[in-house]
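Residue numbers (UniProt numbering): 1 to 297.
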């Protein structure tokens, strides 16, 4: 039975573990999450592990001593520190699948640490929301050990496609795609919050629908707001990496920087939204969190 280790046991890791369980894929899973070291979050992580039959490791060393394949799935701003903590303890020959949303430069820094320890680093880019496909979510993989990584993922029922021989080939696609995906979310937020403040939401929606009737604008905008409300803090961290990627390419990351600001602000409110909330309900929730009440008189 393959021994799997998760560094980070948040939404992505839990979804993958749940997918394996539902598909009957036999694995021995352990996880270490730094939130277990914090009094206010330790219980939730421990419970998430226990309900899935996952061994909750007390630290990176305990996790890495028992793992043949390691998935690093933390927030973008913690990816380097996760690799740094793993390097002294990881066993030679262990596959280290870095699925964090980081710039190619960050991935290369992570790879240098892991490869120096004798382990096999693979750049992994998760290319769509982890739900509903869970472990079958499409991924790109790259780097000198990409083929081994893709084969290991296939053995776990995962969907990894080799996209290049260099660390950064996979993450470049993810980062540059996020300029559009997360940037569109920020544009939707700015547009429809402003429309509500101006009292012209219906007119703006009608105009957009007339211009591009193939898009269900209320549904799309409501979805974009939900992503920001629930995941904005994590998305802001990713977009900082996107901005670094664009800057490394010699371009000014104007859109990416603005997207960071919107994602961070809306995510920081910690709002909850129901599955059946529409655009109007979500706009109202965000404006209320901002201390604003809709139309300016």
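The C-beta atom is built at its ideal place from N, Cα and C for all residues, glycine as well.
Since residue i is in the beta strand (DSSP E), which residue starts that stretch and which ends it?
i	result
residue 125	120-126
residue 138	138-142
residue 163	159-164
Helix, strand or coil, according to DSSP, for residue i in the structure here?
i	result
residue 70	strand
residue 100	coil
residue 232	helix
residue 16	helix
residue 25	coil
residue 87	coil
residue 225	helix
residue 57	coil
residue 117	coil
residue 156	coil
residue 95	strand
Please name the residue, chosen from the options, that lies closest to residue i on a Cα-to-Cα basis.
i	options	result
residue 234	136, 102, 64 and 15	102
residue 245	171, 53 and 114	171
residue 52	20, 163, 146 and 227	20
residue 219	278, 263, 227 and 212	278
residue 109	84, 120, 93 and 125	84
residue 119	215, 97 and 63	97
residue 186	248, 254, 169 and 168	254
residue 25	82, 156 and 40	156
residue 221	181, 30 and 158	181
residue 60	77, 50, 91 and 75	91
residue 31	173, 179, 69 and 63	63
residue 79	237, 15 and 291	237
If we ignore side chains and look at the alpha-carbon of each, how far apart do residue i and residue j end up?
i	j	result
residue 122	residue 201	46 Å
residue 117	residue 42	29 Å
residue 192	residue 144	45 Å
residue 265	residue 131	24 Å
residue 229	residue 287	12 Å
residue 311	residue 225	In this structure the chain extends from 1 to 297, so residue 311 is not present and cannot be described.
residue 139	residue 9	18 Å
residue 269	residue 289	6 Å
residue 38	residue 175	30 Å
residue 72	residue 204	42 Å
residue 152	residue 57	23 Å
residue 243	residue 124	19 Å
residue 163	residue 149	12 Å
residue 40	residue 55	20 Å
On the CB-based measure, 16 or more other CB atoms within 10 Å of its CB, does residue i come out buried or exposed?
i	result
residue 196	buried
residue 107	buried
residue 17	buried
residue 198	exposed
residue 47	exposed
residue 129	exposed
residue 227	buried
Could you check where the alpha helix (DSSP H) with residue i kicks off and where it finishes?
i	result
residue 6	Looking at the DSSP string, residue 6 is not in any alpha helix (DSSP H); the run it does join, the beta strand (DSSP E), is 2-7.
residue 254	254-268
residue 274	Per DSSP, residue 274 belongs to no alpha helix (DSSP H) and is neither H nor E.
residue 177	169-198
residue 45	42-50
residue 202	201-211
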